[in-house]
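Peer 1: Chains as they are written, first to last, in our numbering: chain A, 115 to 312; chain B, 115 to 312.
Note that CB positions come from ideal geometry on N, CA and C, so glycine has one too.
2 protein chains.
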Amino acid sequence: MKHSPRLTQLIDALRALPGIGPKSAQRMAFHLLQDGRPAAHALSRALDAALASVKRCRRCRMLTEEELCSICASQQRESALLCAVESPADVVAIEQSGSYRGRYFVLMGHLSPLDGVGPEQLGVRELEAILDEGGVRELILATNPTVEGEATAHFLADLAVRRGLMASRIAHGVPIGGEIEYVDGGTLARALAGRQTV
Amino acid sequence: MKHSPRLTQLIDALRALPGIGPKSAQRMAFHLLQDGRPAAHALSRALDAALASVKRCRRCRMLTEEELCSICASQQRESALLCAVESPADVVAIEQSGSYRGRYFVLMGHLSPLDGVGPEQLGVRELEAILDEGGVRELILATNPTVEGEATAHFLADLAVRRGLMASRIAHGVPIGGEIEYVDGGTLARALAGRQTV
């Protein structure tokens, strides 16, 4: 059955969200348009407010409503450590681990020449400016362990090394709580290659 | 890490969507607020357009942009059959099965006195008006096989029977392609009780 044009448009807009298929998008649209429509009005208002106020941190490119994000603005963070990640979600995940006290640089993607994403799009010039300031001692590369993520890490490591700074890559291996039996071969290979003396 | 207020508001609005948890909502919000923000603008426009134009079919309460939905407006449907369903998504699912040529009545819920949902909220008065017109011969009850859905079906069946009309309930049993070994006990009980002579 064909939906009416405006309903189709709404379903299509919802389908464009990450992880949402046609069935979920339809379910969401029907939910949004049900009695009273409080969810639709709330979402519409929240979207417009966020579009108007949320921008990028001037320094690290994290999403924020201020000039500087709370991490860049904080005096409590170790300014000698800078961790480069692909997305704002990675910052959230690392912060939740509670194991890092340095600052971040959010690339908003990875090098992907075929999609027109080069160093310019990843804010490499801004990153170089931070490294040139002299406060950073170590650049931690926390891009994803994919081909593009590795290439991006390699490229950024070069920037640090050329300036006489330390560049490090986060460890890859068997996740805590994971069972070795079910871990894929690539991960096991990395876990073995990265073994450490006890 | 705490998100900024407008970002938090957007994540909360997305979390209110069916089937969306905190992690998915955050991922969606970041996606919406990424470079250029075309997805956010498209969703905002689609929401506002749908809120302005999509309403309920005057007759069957299906979502539509016209006075009558395409099914109620069609001359090709068997007007003697009326199928009561809980939601617009059920209409879509039954239409996709291609096995029904009658019309629908969308309850937009099920009887749930504790939540303040009584016959009034389900449009029972409108349903009675359709039954009283005299064109309908059979009321097919396609509410969900839950306690509330069964109670609703029972209540509606009564309306039809009191008018001397036929009331029927869709069959419940082992789904096609399903393996009996993995089907739950309640479904198997219904499948056995509803067995038919070959």
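Against chain B, with Cβ distances strictly below 8 Å, would A/F144 count as a contact?
Peer 2: In the first sequence, the residue the question calls residue 144 of chain A occupies position 30. Yes, A/F144 counts as interfacial toward chain B.
Peer 1: Shortest alpha-carbon distance to B/D126 belongs to which of A/P136, A/A153, A/A267, A/A207?
Peer 2: Taking the first residue of the second sequence as 1, we reach residue 126 of chain B at position 12. For the residues A/P136, A/A153, A/A267, A/A207, the minimum Cα distance to B/D126 belongs to A/A153.
Peer 1: Rank A/Q310, A/P136, A/E252, A/R141 by C-alpha distance to the C-alpha of B/D204 and give the top, closest one.
Peer 2: Against the second sequence, residue 204 of chain B aligns to sequence position 90. Among A/Q310, A/P136, A/E252, A/R141, the Cα nearest to that of B/D204 is on A/R141.
Peer 1: How do the segment 174 to 186 of chain B and the segment 212 to 220 of chain B stand: do at least 3 beta-carbon pairs fall below 8 Å, yes or no?
Peer 2: Counting Cβ pairs under 8 Å, three or more are found: they touch.
Peer 1: List the whole-angstrom C-beta distance separating B/I97 from B/L195, where the pair is believed to meet the contact cut-off of C-beta under 8 Å.
Peer 2: Lying before the first or after the last residue shown, residue 97 of chain B is absent from chain B, which here runs from 115 to 312.
Peer 1: So, at 6 Å on beta carbons, what are the nonlocal neighbours of A/G249 in its own chain, with the 5 sequence-adjacent residues on each side left out?
Peer 2: Walking along the first sequence from the start, residue 249 of chain A turns up at place 135. S193.
Peer 1: Any C-beta of chain A sitting closer than 8 Å to the C-beta of B/A256?
Peer 2: Position 142 of the second sequence holds residue 256 of chain B. Chain A, which has no Cβ nearer than 8 Å to the Cβ of B/A256, makes this no.
Peer 1: For a minimum of 4 consecutive residues, which ranges assigned as the alpha helix (DSSP H) are wholly contained in the segment 139 to 225 of chain A?
Peer 2: The qualifying runs are 152 to 167, 184 to 187, 202 to 211.
Peer 1: Going residue by residue through the segment 246 to 303 of chain B, where are the continuous beta strand (DSSP E) segments of at least 3 residues, counting only ones entirely within it?
Peer 2: DSSP runs (the beta strand (DSSP E)) wholly in the segment 246 to 303 of chain B: 252 to 255, 280 to 283.
Peer 1: Within the 8 Å Cβ cut-off, does A/G232 reach chain B?
Peer 2: Here residue 232 of chain A refers to the residue found at position 118 when the first sequence is read from its first residue. A/G232 does not count as touching chain B.
Peer 1: Answer yes or no: do B/R151 and A/L165 have a C-beta to C-beta separation smaller than 8 Å?
Peer 2: On the second sequence, residue 151 of chain B is found 37 positions in, with the first residue counted as 1. On the first sequence, residue 165 of chain A is found 51 positions in, with the first residue counted as 1. Yes, the Cβ-Cβ distance between B/R151 and A/L165 is below 8 Å.
Peer 1: Chain A partners of B/R141, CB-CB under 8 Å?
Peer 2: As a position in the second sequence, residue 141 of chain B is number 27, starting the count at 1. Correct list: P132, G133, A203.
Peer 1: Provide the residue span of the alpha helix (DSSP H) that contains B/R129, from first to last.
Peer 2: Residue 129 of chain B sits at position 15 when you count from the first residue of the second sequence. Looking at the DSSP string, the run of the alpha helix (DSSP H) that includes B/R129 is 119 to 129.
Peer 1: Could you give the DSSP three-state label for B/V231: helix, strand or coil?
Peer 2: Indexing the second sequence from 1 puts residue 231 of chain B at position 117. B/V231 falls in the strand class under three-state DSSP.
Peer 1: Measuring only the C-alpha atoms, how far is A/S282 from B/S138?
Peer 2: Counting from one through the first sequence, the residue named residue 282 of chain A turns up at place 168. Counting from one through the second sequence, the residue named residue 138 of chain B turns up at place 24. Whole-angstrom Cα-Cα distance: 30 Å.
Peer 1: When you compare only the Cα positions, how much space is there between B/A187 and B/L228?
Peer 2: Locating residue 187 of chain B in the second sequence gives position 73, where the first residue counts as 1. Locating residue 228 of chain B in the second sequence gives position 114, where the first residue counts as 1. Answer to the nearest angstrom: the Cα atoms are 36 Å apart.
Peer 1: Buried or exposed: where does A/T260 fall if 16 or more other Cβ atoms within 10 Å of its Cβ makes it buried?
Peer 2: As a first step, residue 260 of chain A must be located in the first sequence, where it is residue number 146. With fewer than 16 Cβ atoms within 10 Å of its Cβ, A/T260 is classed as exposed.
Peer 1: Along chain A, in chain order, which residues have C-beta atoms closer than 8 Å to that of B/R172?
Peer 2: Position 58 of the second sequence, counted from the first residue, corresponds to residue 172 of chain B. In chain order: nothing, as chain A lies at least about 14 Å away.
Peer 1: Whole-angstrom Cβ separation of B/L338 and B/G216, contact assumed at under 8 Å?
Peer 2: Past the edges of chain B, shown from 115 to 312, lies residue 338 of chain B, and the structure says nothing about it.
Peer 1: Using a Cβ cut-off of 8 Å (strictly closer), state whether A/D229 contacts chain B.
Peer 2: For this step, residue 229 of chain A is matched to residue 115 along the first sequence. False, the Cβ-Cβ gap to chain B never drops below 8 Å.
Peer 1: Excluding the 5 residues flanking A/R239 on each side, which residues of the same chain have their C-beta closer than 8 Å to its C-beta?
Peer 2: Along the first sequence, read from residue 1 onward, the residue named residue 239 of chain A stands at position 125. Taken in chain order, the residues that qualify are P233.
Peer 1: Please check if any C-beta of chain B sits within less than 8 Å of the C-beta of A/P259.
Peer 2: Taking the first sequence and counting its residues from 1, one reaches residue 259 of chain A at position 145. It does not: the Cβ of A/P259 has no partner Cβ on chain B nearer than 8 Å.
Peer 1: Within 10 angstroms of the Cβ of B/P136, are there 16 or more other Cβ atoms? Answer buried if so, exposed if not.
Peer 2: Residue mapping note: residue 136 of chain B aligns to position 22 of the second sequence, counting from 1. The residue is exposed, with fewer than 16 neighbouring Cβ atoms inside 10 Å.
Peer 1: So the candidates are B/P289, B/S213, B/L131; which of them puts its Cα closest to the Cα of B/R191?
Peer 2: On the second sequence, residue 191 of chain B is found 77 positions in, with the first residue counted as 1. The shortest C-alpha separation from B/R191 is found at B/S213.
Peer 1: Measure the C-alpha to C-alpha separation of A/G308 and A/L273 and round it to an integer number of angstroms.
Peer 2: Position 194 of the first sequence, counted from the first residue, corresponds to residue 308 of chain A. Position 159 of the first sequence, counted from the first residue, corresponds to residue 273 of chain A. C-alpha separation (whole angstroms): 24 Å.
Peer 1: Indicate whether at least one CB of chain B lies closer than 8 Å to the CB of A/L124.
Peer 2: Here residue 124 of chain A corresponds to residue number 10 of the first sequence, with the count starting at 1. Yes, A/L124 lies at the interface with chain B (some Cβ there is under 8 Å from its Cβ).
Peer 1: Quick one: Cα of A/T257 to Cα of A/C197, how far?
Peer 2: In the first sequence, residue 257 of chain A corresponds to position 143, counting from 1. In the first sequence, residue 197 of chain A corresponds to position 83, counting from 1. The alpha-carbon atoms of A/T257 and A/C197 are separated by roughly 9 Å.
Peer 1: Going straight from the alpha carbon of A/T301 to that of B/H145, what length do you get?
Peer 2: Taking the first sequence and counting its residues from 1, one reaches residue 301 of chain A at position 187. Taking the second sequence and counting its residues from 1, one reaches residue 145 of chain B at position 31. Spanning the two alpha carbons is a distance of roughly 28 Å.
Peer 1: Taking C-alpha atoms, which residue in A/E181, A/I290, A/L182 lies nearest to A/S211?
Peer 2: Reading the first sequence from its first residue, position 97 is the one you call residue 211 of chain A. Here the closest residue by C-alpha is A/I290.
Peer 1: May I have the straight-line CA-CA distance separating A/A156 from B/A243, to the nearest angstrom?
Peer 2: The sequence position of residue 156 of chain A within the first sequence is 42, counting from 1. The sequence position of residue 243 of chain B within the second sequence is 129, counting from 1. Whole-angstrom Cα-Cα distance: 35 Å.
Peer 1: So what does DSSP say about B/P132, is it helix, strand or coil?
Peer 2: Start at 1 with the first residue of the second sequence, and residue 132 of chain B comes out as number 18. Residue state, collapsed to three classes: coil.
Peer 1: Could you check whether the Cβ of B/Q189 sits closer than 8 Å to any Cβ belonging to chain A?
Peer 2: Start at 1 with the first residue of the second sequence, and residue 189 of chain B comes out as number 75. For B/Q189, the answer is no, since every Cβ of chain A falls outside 8 Å of its Cβ.
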